[in-house]
Structures are given as structure tokens and as C-alpha cells.
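*Asks:* Numbering (this note's numbering), first residue to last: 22 to 382. Virtual Cβ for every residue (Gly too), placed ideally from N, Cα, C.
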Amino acid sequence: MDSLTLFCTTFLLAGGLYWFVCVLGSAEQKGKHAAQLSGGSIDKEKVQDNYKQYWSFFGRPKEIETAEKVPAFVDTFYNLVTDIYEWGWGQSFHFSPSIPGKSYRDATRIHEEMAVDLLGVKKGARILDAGCGVGGPMRAIAAHSGANVVGITINEYQVNRARMHNEKAGLDSLCEVVCGNFLQMPFPDSSFDGAYSIEATCHAPNLEEVYSEIYRVLKPGSLYVSYEWVTTEFYNPENPEHVEIIHGIERGDALPGLRSYRDIAQIAKKVGFEVVKEKDLAKPPAKPWWTRLKMGRIAYWRNHILVTVLTWLGIAPKGVVDVHEMLFVTADYLTRGGETGIFTPMHMVLCRKPEHSNSSD
Ligand SMILES: C=C(CC[C@@H](C)[C@H]1CC[C@H]2C3=CC[C@H]4[C@H](C)[C@@H](O)CC[C@]4(C)[C@H]3CC[C@]12C)C(C)C
Ligand SMILES: C[S@@+](CC[C@H](N)C(=O)[O-])C[C@H]1O[C@@H](n2cnc3c(N)ncnc32)[C@H](O)[C@@H]1O
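As C-alpha cells, then:
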């Protein structure tokens, strides 16, 4: 091979590799490249061990008896998955109905804006995002409404990512991020004009606890909206296929047991809320939320190769391959949950804290 051919071949191979890793391998909303995948706040050498601990805890979600350990394992889960989520999905860690003619990014933003529109808050209001992730929804909501959003997440790595994104987007004057547990929030009573949670309270071992905390920090008369992960009326606990799908979703998403859609309004009322509206946003005429997961299958294979090579080269920590594989399998369970109609990630409940609460509240 003469030197020109060697030069051209090397150039093409390097260019191809760069394209495969850096261009193809990053999320729609660029923020992460494959070469930057980490285990969040976990030391590189400890990622694999943490994955094993996670798996032995959440492997049998229905048998979790030590509810007080759940937030710590949810924290571990988000150390393990946050980079992969950002890389392969974007900065909003939730689903949304597909909208014909609109990109996934637009459909995601519309789903987020709907939450704050339901709250009916004005510019300058102070609202809470319970379980804010890296802040995709928070930024869309602050930009759309002009409200000041305070987000809380149990995961410190997400706090740092969210603050970095807020600054980069020029929204840090409207968006604040706090590290903490939404079951015991570091906020005074009656300090928010509204609150929302998007696909986050499903991680709480006891929904009543998180709803009462949100109730406590809301001003009387203000609204709370939540998009809940639940089993639907089509779920039959006697059907082994249904049970397998739901367990698959719980294991791969750090859920201490999915609730039934029937429980949500009941629990909201129990803590003192008035339920203003309740609706499964996945129901027709909404288009399927799971098509994005299905369409991504080829990309998942590419990602699998990338993650394997990067781990082998010592760039990504050992354990990232296992985490990626777990997500790959989970994507399939989620798709089956959507296709069978037994599961929805967007059971919406809109609640009001009454102006005058009962003395028993
Ligand atoms: C609300 C929660 C998270 C919901 C979704 C944001 C995530 C659920 C499953 C995740 C993914 C599955 C497959 C991954 C794929 C194998 C990888 O190559 C790229 C990232 C995925 C697409 C990843 C992205 C985020 C999810 C869709 C839960 C946790 C309550
Ligand atoms: C699936 S993510 C959704 C994030 C965000 N709502 C979004 O849509 O992008 C769930 C979020 O809930 C947070 N979370 C789970 N349990 C929590 C807890 N006990 N206290 C605070 N945050 C929690 C996680 O850290 C994560 O940020």
C-alpha cells in the first residue's frame, strides 16, 4: 500500500469512527457523547459493584420490605443511568404521546408545557418540580410560563448536570435545583404557588408520604399536577404475561411496586387534596408513547457496540455494559406494557389544596 492510500484509509477510518461515536451516538438534544459515559457520582472502579447491589435489591420489587432503603437505591440507579439517558434520550427523562408531524423533542416539550398550563400559574410564581432529573421539563416550563421553578432530586450528580444545563440555557435565574428527598423536603409549609411531578413519584415506596409532603409545601388554593406510572384497567394479575411485563418494568426502572390507576385519586384525597381532574393522557386520540422506544432499536444495537468497545478500551467504567443491557431489556418490557395497554406512564391527576383545610389534615 503506498503512503497516499494508507493516509486516505486511515483518514476515512478515523472519520468513520468519529461519526459513529460522536455524531450518531449522541442524544437528540446534544449534551452527552458516548466517550463521556460515567457512573454518575460513583467511582469508576465501583460502578459494577453498585450495579450488582442495585440488581439484588430491585430484582424482586414486590418483595422489598425495607421501604426506607428505597431512596438510597433509587439514588444508585440514577448514578448508573443518568448519562445513558441523556446520551440516548435527551434531557427530559419521561415519555410523551407521539404527535404526527412533530419531532419527539417538540412532543416532549408540549407534554411538559401542558403540566404548567394546568397549574394556571402567572409569571413570577414559585413552583416546585418534585423529582426534577437533569431539568429538561424545568427549563421548558420556566421558559414557557415565566415561573420560578425549584426542582428537587435525590441524586447529586443530576443536581450538578441540571445546574450546568440551566446556566448554559440562560435560565439559571428562573431555575433552582436542590438535592434532597421528596419524602422530607427542606422547604417551609405553604411556600409554593404550584407543584408538578413528571414520572417521578412512582419511585416512592409510599405515595401517601410524597403527596402529603407536596400538600404541606403548597399554599392553600394552589394546584398540583402529577404524571403517574400505573397499571391500567386492562392489567390482570392472574395473567402470567401481564405479571412478567410489570415486573420487568419495575426491575429496570427502580420501582418499589407499580400502583393501580385506581389508587391515585384516592391517595390524593386521603392527604387532603380535592381532585380536580384525572385522565390517562395515553388514551386515544393520543398516539402511542412507546413508538419512540420501538423505533430506537437499531440505535440501541449501535449503542451496545459502542459501550462494549469503550468499556474494553477503559474509557467507560466496567458495569456500564450491564446497565445498558438492563435498559435494553427494560425498553422491551415498556413497549409490551404500552402495546398490551396494561401500563401507562402518564396517568394525569390534577389536585387542589383547599383554601381552608379541615383540622384533621
Ligand atoms: C420515568 C422513568 C424513565 C423513563 C425513560 C426516560 C427511560 C425508560 C427506559 C430508558 C431507556 C431504555 C433503552 C435505552 C437504550 C438501550 C440506550 O441505548 C439509550 C437509552 C435508552 C433509550 C433509555 C433512555 C431512557 C428511557 C427511555 C423511570 C425510571 C421511572
Ligand atoms: C424518571 S426521572 C424524571 C425526571 C424529570 N421529572 C423528567 O421528567 O425529566 C425521576 C426523578 O425522580 C427523582 N426521585 C426519585 N425518588 C426521589 C426521592 N425520594 N426524592 C427526590 N427525588 C427523587 C430521581 O432522582 C429523578 O430525578
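Tell me whether the beta-carbon of Ala-289 lies closer than 8 Å to the beta-carbon of Val-370.
*Replies:* By one-based count along the sequence shown, residue 289 stands at place 268. By one-based count along the sequence shown, residue 370 stands at place 349. Yes.
*Asks:* Answer yes or no: do Phe-294 and Tyr-217 have a C-beta to C-beta separation smaller than 8 Å?
*Replies:* Numbered from 1 along the sequence shown, position 273 holds the residue referred to as residue 294. Numbered from 1 along the sequence shown, position 196 holds the residue referred to as residue 217. Contact: no.
*Asks:* Would the C-beta of Phe-79 count as close to ligand 1, meaning under 7 Å from any of its heavy atoms?
*Replies:* To locate residue 79, count along the sequence shown from 1; it is residue 58. For ligand 1, not one heavy atom lies less than 7 Å from the Cβ of Phe-79.
*Asks:* So what does Ser-247 bridge to, in DSSP terms?
*Replies:* As a working mapping, residue 247 is identified with position 226 in the sequence shown. Per DSSP, Ser-218 and Val-370.
*Asks:* Can you tell me which of Leu-149, Gly-335 and Phe-78 puts its alpha carbon nearest to the alpha carbon of Pro-209?
*Replies:* As a working note, residue 209 is residue 188 in the sequence shown. The shortest C-alpha separation from Pro-209 is found at Leu-149.
*Asks:* Go to Asp-284, then tell me how far its alpha helix (DSSP H) extends in each direction, as first and last residue.
*Replies:* Locating residue 284 in the sequence shown gives position 263, where the first residue counts as 1. From DSSP, the alpha helix (DSSP H) with Asp-284 extends over 282–291.
*Asks:* If you compare alpha carbons, which of Ala-88, His-54 and Glu-229 is closest to His-287?
*Replies:* Taking the sequence shown and counting its residues from 1, one reaches residue 287 at position 266. It is worth fixing the name first, because residue 287 is Gln in this sequence and not His. Of Ala-88, His-54 and Glu-229, the residue nearest in Cα terms is Glu-229.
*Asks:* From Asn-176 to Ser-24, what distance separates their C-alpha atoms?
*Replies:* To locate residue 176, count along the sequence shown from 1; it is residue 155. To locate residue 24, count along the sequence shown from 1; it is residue 3. Taking the straight line from one Cα to the other gives about 52 Å.
*Asks:* For Glu-234 and Glu-376, I'd like the C-alpha separation in whole angstroms.
*Replies:* Numbered from 1 along the sequence shown, position 213 holds the residue referred to as residue 234. Numbered from 1 along the sequence shown, position 355 holds the residue referred to as residue 376. Each residue's alpha carbon lies about 17 Å from the other.
*Asks:* Measuring straight from C-alpha to C-alpha, what distance separates Met-316 and Val-328?
*Replies:* Position 295 of the sequence shown, counting from 1, holds the residue named residue 316. Position 307 of the sequence shown, counting from 1, holds the residue named residue 328. Looking at the two C-alpha atoms, the distance is approximately 20 Å.
*Asks:* Assuming Ala-387 and Ile-162 are in contact, meaning their beta carbons sit under 8 Å apart, how far apart are those beta carbons, in whole angstroms?
*Replies:* Any property of residue 387 remains undetermined from this structure, which presents the chain solely from 22 to 382.
*Asks:* CA-CA distance, Val-264 and Ser-77?
*Replies:* Reading the sequence shown from its first residue, position 243 is the one you call residue 264. Reading the sequence shown from its first residue, position 56 is the one you call residue 77. In a straight line, the C-alpha of Val-264 is about 19 Å away from that of Ser-77.
*Asks:* How far does the beta strand (DSSP E) with Ile-6 in it reach, from first residue to last?
*Replies:* Residue 6 cannot be examined here, being either before or after the span of the chain that is shown, 22 to 382.
*Asks:* Where Val-297 and Pro-261 are concerned, what is the direct C-alpha to C-alpha distance, given to the nearest angstrom?
*Replies:* Locating residue 297 in the sequence shown gives position 276, counting from the first residue. Locating residue 261 in the sequence shown gives position 240, counting from the first residue. Each residue's alpha carbon lies about 35 Å from the other.
*Asks:* So the candidates are Thr-222, Asp-301 and Pro-309; which of them puts its Cα closest to the Cα of Met-367?
*Replies:* One-based indexing of the sequence shown puts residue 367 at position 346. It is Asp-301.
*Asks:* Based on the DSSP secondary-structure assignment, which residues constitute the bridge partners of Asn-169?
*Replies:* Position 148 of the sequence shown holds residue 169. Note: Asn-169 sits in a beta bridge opposite Arg-147.
*Asks:* Please report the straight-line C-alpha distance between Glu-49 and Tyr-256, rounded to a whole angstrom.
*Replies:* For the purposes of this step, residue 49 is taken as residue 28 along the sequence shown, with counting starting at 1. For the purposes of this step, residue 256 is taken as residue 235 along the sequence shown, with counting starting at 1. Because Glu-49 sits at a pLDDT of 47, beneath the cut-off of 50, its placement in the model cannot be relied upon, and the following sentence gives the value as read from the coordinates. Spanning the two alpha carbons is a distance of roughly 33 Å.
*Asks:* For Thr-356, tell me which candidate among Ile-267, Val-171, Ser-113 and Lys-374 has the shortest Cα-Cα distance.
*Replies:* Counting from one through the sequence shown, the residue named residue 356 turns up at place 335. Minimum Cα distance to Thr-356 is reached at Ile-267.
*Asks:* Roughly how far, in whole angstroms, is the beta-carbon of Ala-183 from the beta-carbon of His-224, given that I think they are within contact range, below 8 Å?
*Replies:* Position 162 of the sequence shown holds residue 183. Position 203 of the sequence shown holds residue 224. Rounded, the Cβ-Cβ distance is 17 Å, inconsistent with contact.
*Asks:* Identify whether Ser-77 lies in helix, strand or coil by the three-state DSSP scheme.
*Replies:* Position 56 of the sequence shown, counted from the first residue, corresponds to residue 77. Here Ser-77 sits in helix by DSSP.
*Asks:* What span of residues does the alpha helix (DSSP H) with Val-238 cover, start to end?
*Replies:* Here residue 238 refers to the residue found at position 217 of the sequence shown. From DSSP, the alpha helix (DSSP H) with Val-238 extends over 228–238.
*Asks:* Closest to Lys-374 by C-alpha separation, out of Cys-153, Ala-320, Leu-195 and Leu-140, would be which residue?
*Replies:* Locating residue 374 in the sequence shown gives position 353, counting from the first residue. Minimum Cα distance to Lys-374 is reached at Leu-140.
*Asks:* My output table needs one value for Glu-197: the three-state DSSP class, helix, strand or coil.
*Replies:* For the purposes of this step, residue 197 is taken as residue 176 along the sequence shown, with counting starting at 1. Residue state, collapsed to three classes: strand.
*Asks:* Whose C-beta lies closer than 6 Å to the C-beta of Ala-190 among residues of the same chain, with five residues either side of it excluded?
*Replies:* Here residue 190 refers to the residue found at position 169 of the sequence shown. Result list for Ala-190: Arg-160, in chain order.
*Asks:* For Thr-312, which residues in the same chain have their Cβ closer than 8 Å to its Cβ, ignoring the five residues on either side in sequence?
*Replies:* Within the sequence shown, numbered from 1, the residue matching residue 312 stands at position 291. Correct list, in chain order: Ser-119.
*Asks:* Roughly how many angstroms lie between the CA atoms of Tyr-106 and Gly-201, to the nearest whole one?
*Replies:* In the sequence shown, residue 106 corresponds to position 85, counting from 1. In the sequence shown, residue 201 corresponds to position 180, counting from 1. Roughly 21 Å separates the two Cα atoms.
*Asks:* To the nearest angstrom, report how far apart Trp-333 and Pro-158 are at their CA atoms.
*Replies:* Position 312 of the sequence shown holds residue 333. Position 137 of the sequence shown holds residue 158. If you take the alpha carbons of Trp-333 and Pro-158, they lie about 35 Å apart.
*Asks:* Under the three-state reduction of DSSP, which class applies to Phe-203: helix, strand or coil?
*Replies:* Counting from one through the sequence shown, the residue named residue 203 turns up at place 182. Of the three classes helix, strand and coil, the one that applies to Phe-203 here is coil, per DSSP.
*Asks:* In three-state DSSP terms, what is Gly-358?
*Replies:* Your numbering for residue 358 matches position 337 in the sequence shown. Gly-358: helix per DSSP, three-state reduction.
*Asks:* Across which residues does DSSP place Val-142 in a beta bridge pair?
*Replies:* Translated into the one-based positions of the sequence shown, residue 142 becomes position 121. Beta-bridge pairing links Val-142 to no other residue.
*Asks:* If you draw a straight line from the alpha carbon of Ile-336 to that of Met-185, how long is it in whole angstroms?
*Replies:* Stepping through the sequence shown from its first residue, residue 336 is reached at position 315. Stepping through the sequence shown from its first residue, residue 185 is reached at position 164. About 23 Å.
*Asks:* Tell me where the beta strand (DSSP E) around Val-155 begins and ends.
*Replies:* Taking the first residue of the sequence shown as 1, we reach residue 155 at position 134. No beta strand (DSSP E) holds Val-155; DSSP gives it neither H nor E.
*Asks:* At a threshold of 7 Å, does Ser-113 count as lining ligand 2 (C-beta to nearest heavy atom)?
*Replies:* Sequence index remark: in the sequence shown, residue 113 carries index 92 (1-based). Because some heavy atom of ligand 2 lies under 7 Å away, the Cβ of Ser-113 counts as near it: yes.
*Asks:* Could you check what DSSP says for Phe-208 in three-state terms: helix, strand or coil?
*Replies:* Mapped onto the sequence shown, residue 208 falls at position 187. Three-state DSSP puts Phe-208 in coil, outside helix and strand.
*Asks:* Compare the C-alpha of Phe-79 against each of Gly-167, Glu-134, Glu-271 and Ala-352 and name the closest.
*Replies:* As a working note, residue 79 is residue 58 in the sequence shown. The residue with the shortest Cα to Cα distance from Phe-79 is Glu-271.
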